[in-house]
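Below is one structure; the comments refer to it alone.
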Amino acid sequence: MKLSLTLLLICFCFISCDEQFKNDQRELPQKIIDNSLELFQGELIEQTSFVEGNIDLWKISIINPSGAIVSFYWQKGNSLLFKIDGEKGPFNYELNPQNGVISLSTARFLAYESYTEEDLISWNLSQGNTENRRWVYEFVLKDEEQSLLIDAYSGEPL
Numbered sequence: 094m095k096l097s098l099t100l101l102l103i104c105f106c107f108i109s110c111d112e113q114f115k116n117d118q119r120e121l122p123q124k125i126i127d128n129s130l131e132l133f134q135g136e137l138i139e140q141t142s143f144v145e146g147n148i149d150l151w152k153i154s155i156i157n158p159s160g161a162i163v164s165f166y167w168q169k170g171n172s173l174l175f176k177i178d179g180e181k182g183p184f185n186y187e188l189n190p191q192n193g194v195i196s197l198s199t200a201r202f203l204a205y206e207s208y209t210e211e212d213l214i215s216w217n218l219s220q221g222n223t224e225n226r227r228w229v230y231e232f233v234l235k236d237e238e239q240s241l242l243i244d245a246y247s248g249e250p251l
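Sequential numbering of the sequence shown, starting at 94, is according to my numbering.
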């Protein structure tokens, strides 16, 4: 009798812990909002959950006083930064994601050798499609068929 009661209690604990884990995955952690607002100051305008590929993500969109919109994508399972999108300009703000990557202003400066600020439609910082998954800045330009890519560690054009 004690053994079956113990097993029942253990099963209940596992179910309860699993439900708590699932609830944690459904509720956006305040830390993710705070981290996003620390990287880009402004007003939170959107927080959503979705799947990209096979990765569960939180999307946090922020608008600054100039009207620029930046979205941060955080992995649900480990709360790691997955991607940053500069969706709407003006793009004359600073953003320093740290983790050893160069700042947005440095990447823009290096990219301005190939384009002007007026040519910029959007930008993003994400792990590239290479084997080593290095972080890459991508600058999307008007009237261009392809984007300008900058290695986020070295600043070298790709």
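The C-beta atom is built at its ideal place from N, Cα and C for all residues, glycine as well.
- Item | Inter-residue spacing [alpha-carbon to alpha-carbon] between PHE202 and GLN123 | 33 angstroms
- Residues bridged to THR141 [DSSP beta-bridge criterion]: LYS152
- Query: How far does the alpha helix (DSSP H) with LEU197 in it reach, from first residue to last?
  - Reply: 197 to 204
- If you count every other CB in all the chains shown that lies within 10 Å of the CB of ASP244, and 16 or more means buried, which is it? buried
- Query: Looking only at DSSP bridge pairs, what is GLY179 linked to?
  - Reply: VAL163 and TRP216
- Item | C-beta contact flag for GLU166 and LYS176 at 7 angstroms | Checking the sequence, you will find Tyr at residue 166 rather than Glu. Yes, these two residues count as a Cβ contact at 7 angstroms.
- Take GLU280 as the anchor and find which of LEU234, GLN140, SER196 and ILE126 has the nearest alpha-carbon. The first residue shown for the chain is 94 and the last is 251, placing residue 280 beyond what the model contains.
- Query: Can you tell me whether PHE143 is buried or exposed, with buried defined as 16 or more other CB within 10 angstroms of its CB?
  - Reply: exposed
- Through-space distance from LYS169 to ASN147, alpha-carbon basis: 12 angstroms
- Please name the residue or residues paired with PHE232 in a DSSP beta bridge. TRP216 and LEU241
- Query: With C-beta atoms as the reference, is LEU241 less than 7 angstroms away from SER215?
  - Reply: no
- Do you know whose CA, among ASN217, LEU188 and SER198, lies nearest LEU132's CA? LEU188
- Task: For VAL163, count neighbouring C-beta atoms within 10 Å of its own C-beta (all shown protein chains included) and say buried if the count is 16 or more, exposed if not.
- Result: buried
- Query: Are ILE156 and GLY179 close, meaning C-beta to C-beta below 7 angstroms?
  - Reply: no
- Top-ranked residue by Cα proximity to ARG226, from TYR246, LEU213 and ASP212: TYR246
- What does DSSP give as the partner residues of GLU136 in its beta bridges? ILE156
- Item | LEU121 - DSSP class collapsed to helix/strand/coil | coil
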